[in-house]
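Engineer:
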Amino acid sequence: MKTWVRILFTSLAAAGFVALSFIPIPGMETAAQRTLGVFVLALILWMSEAIPLYVTSFVIAALLAIFVPQHIEGVDFKAFLEPFFSPVILLFLGGFVLARGLEQYDLDSVLASAILRRVGKRPWAILAGFMGVTAILSMWMSNTAATALMIAVALPLIGSMDKNDPMKIGMLLGIPFAANLGGMATPIGTPPNAIAIANLRDAGVTVNFLEWMGLALPAAIILLVLTWVLILLLFKPKTKTLTFSLERKTKRMGWKEWLVLGTLLVTILGWLTGRLHKIPDAIVALVPVLVFFAFGLLGRKDFRSLGWDVLILMGGGLSLGSAVSASGLDTWLVSSLGMEGLPPVALFIGFILITVVLTNFISNTSSAALIVPLAMGFAVSGNSLVIGVALAASASMLLPVSTPPNAIAFGSGQLKVKHMFSTGLIIAVIALGVIMLFGLLIWPRLGLI
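Here the working numbering runs 17 ahead of the position in the sequence shown, where the first position is 1.
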């Protein structure tokens with residue numbers, strides 16, 4: 018981005034903050050008005066990326082801490098700094114460390130090759146294998162890392178296929194789409210999930226690791242299967258069998274590898290049995306942090322390479338969400354937009370469409386940070402709308418810039434935007450239906466939310 022463009026958007030964001038914060042708005046409390054100014058500033062800076070996303074998070078925290086606390090009784094500046102070290106941030110930190118351990122000792126590729134060797138030679142089965150493994154990996158490591166690994170594994174196969182075989186396009190679309198959808202299934206799968214959980218927690222609603230999986234995993238599986246079917250229909254393979262030569266990933270399992278694997282299993286087990294031992298998920302997430310660094314499995318270089326920018330971005334989003342609620346901005350927006358009387362179906366459609374559109378132009382973390390606090394203002398089938406917004410942020414994948422997995426696949430040079438847009442658009446429509454089905458009917462009736 019050119020310097021003058023950066024200056025333009027930064028100036029526009031600053032002007033928006035000043036105007037909305039200090040020019041009186043009839044019927045609006047001062048705290049809500051200050052927060053609205055910060056909200057608009059964040060929207061402009063996150064959409065334009067005039068400054069790095071994580072720097073915007075620091076700006077958000079600073080402005081909220083300076084201008085908002087004095088207008089809310091019983092709230093001080095610490096309330097807007099604490100989200101940067103909240104339980105959700107610790108949960109994601111543990112997930113990053115787990116993923117780094119798997120990558121460092123090549124256990125992720127060992128797992129991938131072990132599963133893919135068993136899928137057979139039929140194109141539909143190979144596609145299912147790639148998508149299934151990608152989705153599983155993205156549940157426990159970053160979607161970006163899972164996609165990069167699986168694209169690298171798939172490219173030799175894709176290169177050996179007939180140049181006019183549509184399944185080449187299908188394979189390259191299936192992997193990033195599976196990563197995006199697989200990330201829905203666990204709290205550490207993708208930042209929007211953690212943002213939704215944190216906002217619910219602030220409202221007094223606790224959703225632990227297993228409960229989130231109970232909510233999101235079935236929806237993710239359905240969307241994954243439907244996406245697989247859609248790709249097979251749109252990109253029908255020319256051949257009935259494919260010669261799939263996969264390098265056998267064998268690795269001598271030393272004590273470090275076994276310790277990484279054992280720590281992974283213990284951590285997952287701890288997350289899944291939270292109701293029994295009553296240890297918070299965030300504390301369980303510290304197990305790999307303590308084990309990997311205490312025993313020298315990871316070092317200072319690994320610590321520095323963790324996704325600190327993502328954690329800071331999440332912290333800024335959580336801080337903004339806390340301010341939207343504490344200042345009463347959410348209530349003001351709900352009443353001002355005249356959405357209070359809308360039926361649940363209309364609210365679901367509206368919020369999910371806004372999420373899908375916005376997420377195709379800014380990061381899903383940023384869009385969730387902006388939209389989830391607003392969704393908290395509506396009591397739609399319990400808190401289903403908030404969960405729905407988080408899931409919709411992961412189902413928004415129409416463009417190469419929509420998600421990092423999309424960008425990685427597009428970077429292979431074998432995809433066109435029209436392939437990704439047309440397929441992603443259909444998936445977005447399907448996701449809208451699936452999320453509404455779960456949010457309005459299944460979750461409430463089963464008492465899950």
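Cβ atoms here follow ideal geometry from the backbone N, Cα and C, with glycine treated the same way. Treat the numbers as computed from the prediction; the structure is a model and nothing was measured.
1. Give the single residue among L108, D123, G112 whose Cα lies nearest to the Cα of G271.
2. Comparing alpha-carbon positions, which option in L227, M331, G333, T256 lies nearest R292?
3. Measure the beta-carbon distance from V114 to L323 and round it to whole angstroms, keeping in mind my assumption that it falls under 8 angstroms.
4. Measuring only the C-alpha atoms, how far is A299 from L108?
5. A237: which of W229, L350, A202, N225 sits nearest, CA to CA?
6. Please work out which residues of its chain come closer than 6 angstroms, Cβ to Cβ, to A302, disregarding the five sequence neighbours upstream and downstream, and give them in chain order.
7. Please give me, in chain order, every unbroken run of the alpha helix (DSSP H) with length at least 4 that falls completely inside the stretch 187-270.
8. Rank V277, L62, L81, A82 by C-alpha distance to the C-alpha of T73 and give the top, closest one.
9. Between I459 and G313, what straight-line distance do the alpha-carbon atoms span, to the nearest angstrom?
10. Hey, could you find the ends of the alpha helix (DSSP H) M453 is sitting in?
11. By DSSP, does Y122 sit in helix, in strand, or in coil?
12. Can you give me the C-alpha to C-alpha distance between S384 and V57, rounded to a whole angstrom?
13. Could you tell me how far apart the beta carbons of I212 and V224 are, in whole angstroms, since I believe they sit closer than 8 angstroms?
14. Answer with buried or exposed for M393, where buried requires no fewer than 16 other C-beta atoms within 10 angstroms of its C-beta.
15. Please classify L190: is it buried, with 16 or more other beta-carbons within 10 angstroms of its beta-carbon, or exposed?
16. If you follow the alpha helix (DSSP H) that D326 is part of, which residue opens it and which one closes it?
17. Identify whether N381 lies in helix, strand or coil by the three-state DSSP scheme.
18. Measuring alpha carbon to alpha carbon, tell me which of A412, W157, S353, M167 ends up nearest G146.
19. Going by the CB atoms, is the gap between G187 and I248 shorter than 8 angstroms?
20. Does the Cβ-Cβ distance between F97 and A340 come in under 8 angstroms?
21. To the nearest angstrom, report how far apart V327 and K257 are at their CA atoms.
22. Is the stretch 436-449 close to the stretch 409-418, with three or more CB pairs under 8 angstroms?
23. I need the straight-line Cα distance from A348 to L289, nearest angstrom please.
24. From R218 to P104, what distance separates their C-alpha atoms?
25. Where does L314 sit, in a helix, a strand or coil, going by DSSP?
26. Which residue marks the beginning of the alpha helix (DSSP H) containing Q87, and which one marks its end?
27. In whole angstroms, what is the alpha-carbon distance linking T207 and Q50?
28. Under a three-way DSSP split, which group does P100 fall into?
29. Below 8 angstroms between beta carbons: does that hold for N160 and N210?
30. Could you check how far apart the C-beta atoms of P254 and M156 are, in whole angstroms? I think they sit under 8 angstroms.
31. Where does S353 land, buried or exposed, given buried means 16+ other C-beta within 10 angstroms?
32. Excluding five sequence neighbours on each side, which residues of the same chain lie with their C-beta closer than 6 angstroms to the C-beta of W229?
33. Name the residue from V283, L276, A163, L463 whose alpha carbon lies nearest to the alpha carbon of F309.
34. Report the rounded CA-to-CA distance for D93 versus I68, giving the unit in angstroms.
35. For the alpha helix (DSSP H) that A299 lies in, which residues bound it at each end?
36. Which residue from G118, V362, V403, G338 puts its Cα closest to that of A78?
Structural biologist: Let me lay it out:
1. D123
2. L227
3. 7 angstroms
4. 5 angstroms
5. A202
6. L107, L108, G111
7. 208-219, 226-251
8. L62
9. 46 angstroms
10. 434-454
11. coil
12. 13 angstroms
13. No, I212 and V224 are not in contact; Cβ-Cβ is about 12 angstroms, not under 8 angstroms.
14. buried
15. buried
16. 325-343
17. helix
18. M167
19. yes
20. yes
21. 43 angstroms
22. yes
23. Rather than Ala, the amino acid found at residue 348 in this sequence is Thr. When rounded, the distance between both Cα atoms is 35 angstroms.
24. 10 angstroms
25. coil
26. Premise fails: Q87 is in no alpha helix (DSSP H) and is neither H nor E.
27. 31 angstroms
28. helix
29. no
30. That belief does not hold up - the Cβ atoms of P254 and M156 are roughly 27 angstroms apart, past 8 angstroms.
31. exposed
32. P204
33. L276
34. 27 angstroms
35. 298-301
36. G338
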